[in-house]
Ligand code: TK8
């Protein structure tokens, strides 16, 4: 059991949250952008400023400010302005310009986004890139407009792996009764229930404290997040479950976006796409580095290919169970698109 102590990271995150400042931006301010006045764009993410996602929004800021004098991009990390779900709601209200959440909280607004939470469906990064950068990804982006959101680019959170502070997890049976935090997403909840765990949905901003206080035994996230959020301070065990690939998606408030000129929109979109390529590259490099660091600071347990098969078989009914709530047609399109990509690999 890891010694539980209050981490400096949490103190600074809470301090920053306190001075996150006002979050309003008036329509007239935004309209200023189209008549030449400098416009402030605020970008909010949930992970901290060591994460490859923060490197991505730094790259976005650099690219936009190099291409035009119309915008001043301000970066906020560690959920200072809000967690994924509240940041999405602020974009819908026009009180925040940009956020880059995991796709999973989006199911609360657009059920079809649940396809990305279907366990063990995306096998590797090449499949993810081809799926998201192709027709299927474009189709998913069009669904955002009805929710007052504009999707500009697919970024990468990555393959999710399990940590916990109770026992090594090598088999499905080892999960029995573990209190696992999940994102606010019914498919994740049902998948961990099917595996015998006891899942709890929770915003990412509350996770470190919940693990520190023992409210939850464990969580699941990509290696960069586990490493750079200092989860090894409050978690003993880590397993290469690789159970879901989660995209990050670069979202703009539609209310604000619609007030910009086509030229401004082109600059913002191009910068989000280019910064996304950089984010993916950095995320893959950092994931390898983070895994090596985590093998030093935590007890790593290998999930064998045979056991991965058992994990997949155990959660298969969840895909059927949620096909209707997500939408049978989009689930079929998703799985068919992946099959075609894999067949041509
Ligand atoms: C960060 C979140 C997070 C996600 C989660 O904004 O909630 O576990 O994986 O990293 O999107």
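Numbering (mature numbering (1 follows the signal peptide of the UniProt record, and there is no 0)), first residue to last: -20 to -1, 1 to 325. Ideal Cβ placement from N, Cα and C applies to all residues, glycine included. None of these values were measured; they are calculated from a predicted model.
- In this structure, DSSP gives residue 77 a state outside helix and strand, which the three-state scheme calls coil.
- Non-local beta-carbon contacts of residue 87 in its own chain, meaning distances under 6 Å to residues more than five positions away in sequence, involve 93, 94 and 165 in chain order.
- Taking a contact to require three or more Cβ pairs closer than 8 Å, the segment 73 to 88 and the segment 151 to 161 do not qualify as touching.
- The C-alpha of residue 45 lies about 37 Å from the C-alpha of residue 222.
- Scanning its chain for C-beta atoms nearer than 8 Å, with the 5 sequence neighbours on each side dropped, one finds around residue 91 the residues 305, 306 and 307, in chain order.
- The three-state reading of DSSP puts residue 65 in helix, counting H, G and I together.
- Residue 219 holds the alpha-carbon nearest to the alpha-carbon of residue 285 among 297, 273, 319 and 219.
- Here residue 177 is not near residue 99, since their CB atoms are 7 Å or more apart.
- In this structure, DSSP gives residue 72 a helical state, which the three-state scheme calls helix.
- Put simply, the segment 251 to 259 touches the segment 124 to 138. At least three CB pairs are less than 8 Å apart.
- Assigned with DSSP and collapsed to three states, residue 160 falls in strand.
- By DSSP's assignment, residue 22 forms a beta bridge with 54.
- By the neighbour-count criterion, in which 16 or more other beta carbons inside 10 Å mark a residue as buried, residue 275 falls on the exposed side.
- By the Cβ criterion, the segment 14 to 28 is in contact with the segment 50 to 69, since at least three pairs of Cβ atoms, one from each stretch, lie closer than 8 Å.
- Nearest Cα to residue 137 within the set 121, 67 and 36: 36.
- Taking C-beta atoms as the reference points, residue 111 and residue 317 count as a pair closer than 7 Å.
- Judged by the Cβ position, residue 81 qualifies as a neighbour of the ligand TK8 at the 6 Å threshold, a heavy atom of the ligand being closer than this.
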